[in-house]
Every structure is written in structure tokens, then in C-alpha cells.
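Each remark here refers to the structure printed beneath this line.
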Amino acid sequence: MASSHPNNVGILAMDIYFPPTCVQQEALEAHDGVGKGKYTIGLGQDCMTFCTEVEDVISMSMTVVSSLLEKYNVDPKKIGRLEVGSETVIDKSKSIKTFLMQVFEDSGNSDIEGVDSTNACYGGTAALFNCVNWVESSSWDGRYGLVVCTDSAVYAEGPARPTGGAAAIAMLIGPDAPVAFESKLRGSHMSHAYDFYKPNLASEYPVVDGKLSQTCYLMALDSCYRVFCEKFKKLERRDFSISDSDYFVFHSPYNKLVQKSFGRLYFNDFMRNPSFVDEVSRPTLAPYASFSDEESYQSRDLEKANQLAARDTYDAKVQPSTLIPKQIGNMYTASLYAAFASLLHNKHDSLVGKRVVMFSYGSGLTATMFSFRIRESQHPFTLSNIVSVMNVSDKLKQRVEFPPEKFVENTKIMEHHYGAKDFVTGEDCKYLLPGTFYLTKVDSLYRRFYSKKDAAAQT
Ligand code: ACO
Numbered sequence: 020m021a022s023s024h025p026n027n028v029g030i031l032a033m034d035i036y037f038p039p040t041c042v043q044q045e046a047l048e049a050h051d052g053v054g055k056g057k058y059t060i061g062l063g064q065d066c067m068t069f070c071t072e073v074e075d076v077i078s079m080s081m082t083v084v085s086s087l088l089e090k091y092n093v094d095p096k097k098i099g100r101l102e103v104g105s106e107t108v109i110d111k112s113k114s115i116k117t118f119l120m121q122v123f124e125d126s127g128n129s130d131i132e133g134v135d136s137t138n139a140c141y142g143g144t145a146a147l148f149n150c151v152n153w154v155e156s157s158s159w160d161g162r163y164g165l166v167v168c169t170d171s172a173v174y175a176e177g178p179a180r181p182t183g184g185a186a187a188i189a190m191l192i193g194p195d196a197p198v199a200f201e202s203k204l205r206g207s208h209m210s211h212a213y214d215f216y217k218p219n220l221a222s223e224y225p226v227v228d229g230k231l232s233q234t235c236y237l238m239a240l241d242s243c244y245r246v247f248c249e250k251f252k253k254l255e256r257r258d259f260s261i262s263d264s265d266y267f268v269f270h271s272p273y274n275k276l277v278q279k280s281f282g283r284l285y286f287n288d289f290m291r292n293p294s295f296v297d298e299v300s301r302p303t304l305a306p307y308a309s310f311s312d313e314e315s316y317q318s319r320d321l322e323k324a325n326q327l328a329a330r331d332t333y334d335a336k337v338q339p340s341t342l343i344p345k346q347i348g349n350m351y352t353a354s355l356y357a358a359f360a361s362l363l364h365n366k367h368d369s370l371v372g373k374r375v376v377m378f379s380y381g382s383g384l385t386a387t388m389f390s391f392r393i394r395e396s397q398h399p400f401t402l403s404n405i406v407s408v409m410n411v412s413d414k415l416k417q418r419v420e421f422p423p424e425k426f427v428e429n430t431k432i433m434e435h436h437y438g439a440k441d442f443v444t445g446e447d448c449k450y451l452l453p454g455t456f457y458l459t460k461v462d463s464l465y466r467r468f469y470s471k472k473d474a475a476a477q478t
């Protein structure tokens, strides 16, 4: 790579890892004694992935980083910056990034900048922006950036529990990328809120005000969209509307919120200029045009009207990005990028030239709307190669379904191990595929030890 001024900086390569253990949402509904359809239709989720005692955010990130380097044949010495986004706290001082340096030991490369970024589900976006900004800066040394988003989303028993999930995503950053940032198109909204937070350091579970978190998400979305549209207008000297982007990808705590969010963008366009939306949907939205902001966030009728009005556009511009989040659940920092990976998986052969608008949200709260332009590129950094490396269909099929009782049993073991020392894991890694890293023990000084499942091992 030349170190002259880089163009089209963005994502060159991606890989995704999620644990092979999952529970079906339909089975969980019956087990939890809630109405049939509450998790599958009410939340829009199909299945939920979770870590067993041999996996955590560190092992998942080691697995995905070593897999990416190997599958794209990237020399570890060519990584100059490694940024991690995560909200799963294992250590209050030692970063996940430092654990990942073990993957680089054999190469002798210890000259790698970057640490962890944390703010709920937004840390991955902060890490991504850090890498992109580094490549675009005067301190860039011509090497690649590497971003890792890794989280295990777990909730206490109750209505939030079915919105868990777990995964790690790695993204290689550099110039001439097939997924290039439109760097000037970014709209952020950041403010103080107690919608979802983790003040109890003895527990992995968040304190969550579910309803408030939904409203905060939608308010942040409105604000980011407003700023994004203003920036677009300054650059292009015309208004932005939904028709200016081919796809919209959202942070996805659960699919219903994504449906509501796109409906909300549609309503925004209607309020800005009714001609921005389809003529037939205008009468559906017109009764709500006089609502105050506050009324509009509280009205379930408006929510339903938005979703109805936007349905066809949602199917075309959003639905292709929903596969992995519906199957895995919320992956916190990895969720938005898993949604983007779903879009690549479903549409990779027709994406060149298209614009993709991304919306990142992290409780507390921080949010940014930004955009990618998809470009032609050279092997190995092509969309079709990214899709074949990620191998999403096979990974989804290879999962092992746990009955809800066994899932609950597993959460108890994980609660017991959280923050604990001086234990060995059962080392039962029979569900893991060869090449997967796993936790073997935590010693009396809280030091964590990992192994890699032998490539020759039986699965
Ligand atoms: N069949 C079909 N739908 C049903 C059924 C049923 N039997 N029962 C309920 N529903 C629907 C409800 O009507 C509701 O739909 P709506 O939102 O379209 O009105 C939906 O299921 C959810 O049910 P509620 O009773 O409204 O909410 P619940 O108490 O189940 O909590 C919540 C849902 C708030 C999302 C909870 O799971 C939670 O707190 N999750 C974590 C917080 C979160 O993810 N927030 C998002 C942003 S922050 C972040 O990313 C972490």
C-alpha cells in the first residue's frame, strides 16, 4: 500500500463470528409463559445466540481476528492500528485489544496503535471512525486499520431477556475499499440519558428502562437524520430524501424497533415535504401532521401508520439487512455491522454504485447516521469474496439449538463465572468449530487463559 493521500477509505474486508449455541424464540415464548408471538412477531426475532462458559468477548474477538487475517491472507505485520468496540466489561483497566495482541505475537508486530472504545452499542462505530480517521490523517503510515466489535448481550430474567445475543465482527480498513465512507455525510446526536446502563460492576446485566430506551433511540434517529439532511444539502445543494439512498441499515436491538425506525424516517420525509413520500401513503400519515414531537413519540397509532405507509419501501431498502440480527439477536456493538453483513450476504452482486445509510445508536446516549458508497474493487477485497469468507448461511445452519431449560441453566453458570477467579471451564468445546478460540481457565490472580481448538479436532 502506498502512503500517499488515500482515497475511498473504508471497509476492505470483513469476517463475522458468533457462538454455535442458540435458542429458538418460539420455544422461549412457550417456556417463559408469554403470549404466543410476543418474541417472534412482537419483537420480530427468530432465534438468539449465546456464549457458553468456554466463550466470551475476548475469545470471540481472537477467533474473528485470526480468521480474517488468515482468510484474506493479510500479513499481521501490515496492521498498524487495531481498535476494539465493546460494552462487555471483563476488566476495568486491561483492554480487549491487549488480549488480541496475542494473535500478533508470532509475527513480531507489536507496533499497533489503538485501544478499546466503550459506550453501549456505539463503541464499534467509535472504533471504526478512529480507524478511518487514522488512515485519512497525516500520521497514517500506509498500513491497514483493523476494527473489532465484540459483545455478549445478556439480560436478567424478564421482558428484556429475549433481546440478548452474541457475536464478534472484524473489519479491515484502508484506501480503495469496496465499502467507502462518504466522509462528509455524518450526522450525530449525543446527550445524557439513563435509558440503559451498567452501574453494577458485580453483574453483567444492564439496568434498562425499555420504553425510555425506545424513545431515546427514535429521538436520536430524528436528530441525526435532520443533521445528515442538512449536511447533504450543503454539499449537494438539494434536499436529501429516502429515495437518495438504496439501503438503510440500523442498529438492531430487535427487529420491531428497526421497522419502527424506518417508519419514523418515512414520517420525517412526509413532514419535511409530502412529495418526498409515495402519494398513496400520504392520507395514512396526514392525520398526524399536527402532532408535537412529544405526542409523536407516544402515539402507537402513528407508529402503526408509519410502518404501514413505509412497508413497501422497508421491504426494498431495509429488509435485506435484517437476516443476521433476527437470527442472532442484539450483538450490541456488532449489531449494526452484522446488519450490514446481512445486506452484503443478500445483495452483494447488485450493490456496486449504491449508497447505504447506516444508523448507529448507543444508550446513554450517542448516535450517528453516516453513509457508504459501494465500489468496484480488486481481489481479495471484493464483495463476493467478503460474502464467501463470512459464509453466513453455513454458520447459521451449523448452530446447535438448546432447549430453553438448558439455555436458562447456562445463564446461571455464566452468572456464577462473571467476575470470578480461580476456576477452570468444563473445557467442553464440542460445539465449537476447529479454529475457534476458547477460555480454559481463570487463575487465582484473575488471569484468563485461552486455547485454539485444533484444526484437526473432531467437531
Ligand atoms: N403476539 C404478538 N405481539 C405481541 C404479543 C403477542 N402475543 N404480545 C405482545 N406483543 C407485542 C406488543 O404489542 C409490542 O409491540 P409494539 O411495540 O409494536 O407495540 C411488543 O410485542 C413488545 O411488547 P411490550 O409489552 O410493549 O414490551 P415488553 O415489556 O415485552 O418489552 C422491550 C420490550 C422494551 C423491547 C424489552 O425487551 C427491553 O427492555 N429490551 C432491552 C432494551 C432495548 O433493547 N432497547 C432498545 C434500544 S437500546 C439497546 O440497543 C440496548
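So the number in my numbering is just where the residue sits in the sequence shown, counting from 1, plus 19. Beta carbons: idealized from backbone N, C-alpha and C, even for Gly. Quantities reported herein were computed from a predicted structural model and do not represent experimental measurements.
>> The beta strand (DSSP E) that contains E155, what's its start and end?
In response: Here the question's residue 155 lines up with position 136 in the sequence shown. Note, E155: premise wrong, no beta strand (DSSP E); not H, not E.
>> Please give the ranges of any alpha helix (DSSP H) in the segment 116-180, keeping only runs that are unbroken, at least 4 residues long and fully inside the region.
In response: 142-154
> From D265 to V375, what does the alpha carbon distance come to, in whole angstroms?
Replying inline: If you number the sequence shown from 1, residue 265 lands on position 246. If you number the sequence shown from 1, residue 375 lands on position 356. D265 and V375: Cα-Cα distance of roughly 6 Å.
>> Using CA atoms only, rank isn't needed, just tell me which of M81, G99, G161, Y141 is closest to I115.
In response: Numbered from its first residue, the sequence shown carries residue 115 at position 96. Of the candidates M81, G99, G161, Y141, the one whose C-alpha sits nearest the C-alpha of I115 is M81.
> So who's on the other strand from D447, going by DSSP bridges?
Replying inline: Walking along the sequence shown from the start, residue 447 turns up at place 428. Paired residues: none, contrary to the question.
>> Only counting the same chain, and skipping five residues up and downstream in sequence, which positions put a Cβ closer than 6 Å to that of K336?
In response: Start at 1 with the first residue of the sequence shown, and residue 336 comes out as number 317. Correct list, in chain order: Y266, F267.
>> Can you tell me whether Y91 is helix, strand or coil according to DSSP?
In response: Working through the sequence shown from its first residue, we reach residue 91 at position 72. DSSP places Y91 in coil when its eight states are reduced to three.
>> Could you check if V227 belongs to the surroundings of the ligand ACO, using beta carbon to heavy atom distance under 7 Å?
In response: Within the sequence shown, numbered from 1, the residue matching residue 227 stands at position 208. Checking the Cβ of V227 against the ligand ACO gives yes.
> What's the C-alpha gap between Y91 and P339?
Replying inline: By one-based count along the sequence shown, residue 91 stands at place 72. By one-based count along the sequence shown, residue 339 stands at place 320. Approximately 25 Å between the Cα atoms of the pair.
> If you draw a straight line from the alpha carbon of A21 to that of A328, how long is it in whole angstroms?
Replying inline: Translated into positions along the sequence shown, residue 21 becomes position 2. Translated into positions along the sequence shown, residue 328 becomes position 309. Note that A21 scores a pLDDT of 47, beneath 50, so its modelled location is shaky; the value from the coordinates is reported in the next line. If you take the alpha carbons of A21 and A328, they lie about 49 Å apart.
>> My parser needs the alpha helix (DSSP H) runs of 4 or more residues fully inside the segment 287-373; what are they?
In response: Counting whole runs of 4 or more residues, the segment 287-373 contains the alpha helix (DSSP H) stretches 301-304, 312-317, 319-336, 342-347, 354-366.
> Span of the alpha helix (DSSP H) holding D51?
Replying inline: Along the sequence shown, one-based indexing puts residue 51 at 32. DSSP places D51 inside the alpha helix (DSSP H), whose first and last residues are 44-51.
> For the 8 Å Cβ check, are there 3 or more pairs between the segment 416-435 and the segment 120-136?
Replying inline: The answer is no - the segment 120-136 does not touch the segment 416-435, with fewer than three Cβ pairs under 8 Å.
> Under three-state DSSP, which class holds S379?
Replying inline: Within the sequence shown, numbered from 1, the residue matching residue 379 stands at position 360. In this structure, S379 counts as strand in the three-state DSSP scheme.
> Is the CB-CB distance between D170 and S105 below 8 Å?
Replying inline: By 1-based counting over the sequence shown, the position of residue 170 is 151. By 1-based counting over the sequence shown, the position of residue 105 is 86. In this structure, D170 places its C-beta atom within 8 Å of the C-beta atom of S105.
> Y58 by DSSP, collapsed to three states: which one?
Replying inline: Sequence index remark: in the sequence shown, residue 58 carries index 39 (1-based). Y58 falls in the helix class under three-state DSSP.
> What is the rounded straight-line gap between the Cα of K472 and the Cα of V93?
Replying inline: In the sequence shown, the residue the question calls residue 472 occupies position 453. In the sequence shown, the residue the question calls residue 93 occupies position 74. Rounded to the nearest angstrom, the two C-alpha atoms are 21 Å apart.
> Is the beta carbon of T59 less than 8 Å from the beta carbon of F421?
Replying inline: Indexing the sequence shown from 1 puts residue 59 at position 40. Indexing the sequence shown from 1 puts residue 421 at position 402. It is not a contact, given that the beta carbons lie outside the stated cut-off.
> If we count the other Cβ atoms within 10 Å of its Cβ and call it buried at 16 or more, is L254 buried or exposed?
Replying inline: Residue 254 sits at position 235 when you count from the first residue of the sequence shown. It is exposed - the Cβ of L254 has fewer than 16 other Cβ atoms within 10 Å.
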